[in-house]
Amino acid sequence: MIEPEFVSVRTAPEHPGIGTIALSRPPTNTFTRQMYRELAQAAVEVNARADIRVVIVYGGHEIFCAGDDLAELSELSADEMARSAGDRQAALTAVAELAKPTIAAITGYALGSGLELALTADWRIAGDNVKVGSPEILVGMIPGGGGTVRLARVVGLSRAKEMVFSGRFVGADEARGAGLIDQVVAPDDVYTEAASWARRFVDGPPLALAAAKEAIDHGFDGPLAAGLDKERELFCQVFATRDRADGVTAQLEIGPGTARFRGA
């Protein structure tokens, strides 16, 4: 375990049940190899903590993440990058596979690996002044943290290719129209709105939410038959939980929305 310097997990009394994976590498939160390792560690932590039911990924009031640290990249050999590329993808995949609802709260810019990080979330809330994009092509590279794959799944093949091939920055309204952003708010309200979304799920059944996320993601990524098999497997697992029994009892005896879930 490394001592986090740039990526931390934060909770606050005013937001019970919500954990924030916070990037803090001013001025633009550009990713280094160390930050990817810290991000992976933060994902492990939030997954393990029972007091965290929903996760927000946040880069602060000014900028979500402007991509990779080009100064560091310029010093890496091809062999060094080949060794670190796996760490990059593993860190972002760890966030994508969190067994908890995850919201990216995007301010300022989400470029390159910043957009890749945002794409790992289940939803994206952004300020009306944000710019998102995959500008790697402008320095002779391509996205390397899952961007080509996850972007196409969100916006479709043609739009993803246009964004990656051109490297252009996309504004908030266009990004929302493409399904890349789920809600646009005033810049000062980004985190508050993300927390409001998160509160919708804090009191939900954590095991069922995790199973639903896994089933949807698995079904989307693979053949229909495999998705149905996974759904049936997870459905049966959730049926055997105490939460399911309590939920059904509460619905029958008291009414809808009255169950209190324990995560068991």
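In full-length UniProt numbering, the protein residues as written are 1 to 264. Ideal Cβ positions, reconstructed from N, Cα and C, are used throughout, including at glycine.
Problem set entry | Closest Cα partner of R25 within the set V44, A40, G67 | G67
Problem set entry | C-alpha gap between E253 and Q89, whole angstroms | 47 Å
Exercise. At what residue ranges does the segment 154-195 contain a whole run of the beta strand (DSSP E), taking only runs of 3 or more?
Worked result: 183-185
Problem set entry | Alpha-carbon to alpha-carbon, E5 and L39 | 11 Å
Exercise. Rounded to a whole number of angstroms, what is the C-alpha to C-alpha distance between V238 and P206?
Worked result: 10 Å
Exercise. So is A82 buried or exposed if we call it buried at 16+ other beta carbons inside 10 Å?
Worked result: exposed
Problem set entry | Reduced DSSP category for I142 - H, G, I as helix; E, B as strand; rest coil | coil
Problem set entry | L138 versus F169, F64, S84, residue with shortest Cα-Cα distance | F169
Exercise. With 16 as the cutoff for other CB atoms within 10 Å, does C236 come out buried or exposed?
Worked result: exposed
Exercise. Is it a yes or a no for the segment 27-37 touching the segment 172-191, going by three-plus beta-carbon pairs under 8 Å?
Worked result: no
For this session: State the start and end residues of the unbroken beta strand (DSSP E) segment that holds R10.
Result: 7-10
Problem set entry | Runs of alpha helix (DSSP H) lying entirely within the segment 212-254, each at least 4 residues, in chain order | 224-239, 242-253
Exercise. What first and last residue would you give for the alpha helix (DSSP H) that runs through G86?
Worked result: 78-96
Problem set entry | Cβ neighbour criterion (16 or more within 10 Å) applied to G179 | exposed
Exercise. Between which two residues does the beta strand (DSSP E) containing V132 stretch?
Worked result: 131-133
Problem set entry | Where the beta strand (DSSP E) containing A104 begins and where it ends | 102-106
Exercise. Out of V184, S134, G156, R150, which has the shortest C-alpha to C-alpha gap to S166?
Worked result: S134
Exercise. Tell me which same chain residues have a C-beta within less than 6 Å of the C-beta of D128, skipping the five on either side of it?
Worked result: A172, V184
Problem set entry | Beta bridge counterpart(s) of L111 as assigned by DSSP | G133
Problem set entry | Rounded straight-line distance, which links the Cα of F220 to that of D229 | 13 Å
Problem set entry | Boundaries of the alpha helix (DSSP H) in which R33 is found, first to last residue | 33-48
For this session: Kindly indicate which residue of C65, L92, V54, P16 has the alpha-carbon position closest to the one of Q41.
Result: L92
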